[in-house]
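Mapped onto our numbering, the consecutive letters of the sequence shown carry residue numbers 279 to 547. Below is one structure, written out as structure tokens; the observations come after it.
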Amino acid sequence: MQLQEFPTDAVKELALRCAREAGELSQERLKQPFAVEYKTSASDLVTAIDKEVEQYVVEMIHRQFPDHGILGEESSGAGDVGSHETVWIIDPIDGTTNLVHQQINYAVSIAVYHQGEGVIGVVYDPSRQEMFAAVKGEGAFLNGRRLKLSKSVKLEEALLCTSVFWNKRAEQTGIDQLVKQLAGKARGMRLLGSAALELAYVAAGRLDGYVSMSLHPWDFAAGKLIVEEAGGVVTQISGLPLDYLQNSSVLACNPTFYEELRYHLHSSV
Ligand code: IPD
Ligand code: CA
Ligand code: CA
279 MQLQEFPTDA VKELALRCAR EAGELSQERL KQPFAVEYKT SASDLVTAID KEVEQYVVEM
339 IHRQFPDHGI LGEESSGAGD VGSHETVWII DPIDGTTNLV HQQINYAVSI AVYHQGEGVI
399 GVVYDPSRQE MFAAVKGEGA FLNGRRLKLS KSVKLEEALL CTSVFWNKRA EQTGIDQLVK
459 QLAGKARGMR LLGSAALELA YVAAGRLDGY VSMSLHPWDF AAGKLIVEEA GGVVTQISGL
519 PLDYLQNSSV LACNPTFYEE LRYHLHSSV
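Structure below.
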């Protein structure tokens, strides 16, 4: 199938519907007690809500597009997704720790890749009813309002965001120290706890730059397209492009600011 034959409108409509309904389901489930389990440790959680939301989205996709591949964090659609022409990449709840502790500051993240290229990215924050969405070549939007990164940013005026201080590999490589020095030169540094939302906020100009040492494809797949369609830049910290099926470091920012950020993060991770 050629890219021009891809049913962009139908896939976009389904991605938006999945994100909205999944978000509403999560809000509904938050009204009652729910199971919380440790995945690998007390700081790596999964809840019954994560699992139910992913199952809900996977069923919606399979009903309409049974031949599409699905890569979901809770692995209900795992397998050899790379062999599918079209792959949905889902994080049912990005920011599970926030969901458990705060019931806000989490998002549903859904991306669709076709022939290895991101075509649709949706990040939905159900607690604020904010829908960030992008279609390749058509721009990025927040609740229908176009997002465009047009202002020029300098480090001393920049509001940055990171999660590197919580990553052991970051400590080993020393990137945490570089980011710490960067924070001292910037206007401020934030850590929101949801990579998908943090990327969406870069697209919206609420943050000027985001640095992470190690994300999974479901953390960045949708947010990357939204940042790029808003006119931003997303690469690995080293400057290399991201592989949509590989774990990787992520640097996302306003384009006027990219070289300056890279200069301060002179590292190959
Ligand atoms: C996590 C969040 C967090 C990032 C972690 C992710 P999860 O996702 O995006 O901001 O720093 O690397 O694993 O586990 O809440 O889906
Ligand atoms: Ca995640
Ligand atoms: Ca998750």
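Each residue gets a CB set at the ideal place from its N, CA and C atoms; glycine is no exception.
About 5 Å separates the beta carbon of A530 from that of V505, a gap short enough to meet the 8 Å contact definition.
The Cβ neighbour count for L518, taken over all protein chains shown within 10 Å, is under 16; the residue is labelled exposed. Pairing G347 with V365 gives a Cβ-Cβ distance under 9 Å. Boundaries of the beta strand (DSSP E) around E395: 395–403. Here the distance from the Cβ of S441 to the nearest heavy atom of ligand 1 is below 8 Å. At a threshold of 8 Å, D403 does not count as near ligand 2, since its beta carbon sits no closer than that to any of the ligand's heavy atoms. Relative to ligand 1, the beta carbon of W444 is positioned inside 8 Å of a heavy atom.
In this structure, A297 is the residue among S527, F535, A297, R465 with its C-alpha nearest to the C-alpha of E408.
Here S441 carries a coil assignment [DSSP, helix/strand/coil]. Distance from the CA of E507 to the CA of E416, rounded to the nearest whole angstrom, comes to 7 Å.
In summary, L469 is exposed, with fewer than 16 beta-carbon neighbours lying within 10 Å of its beta-carbon over all protein chains present.
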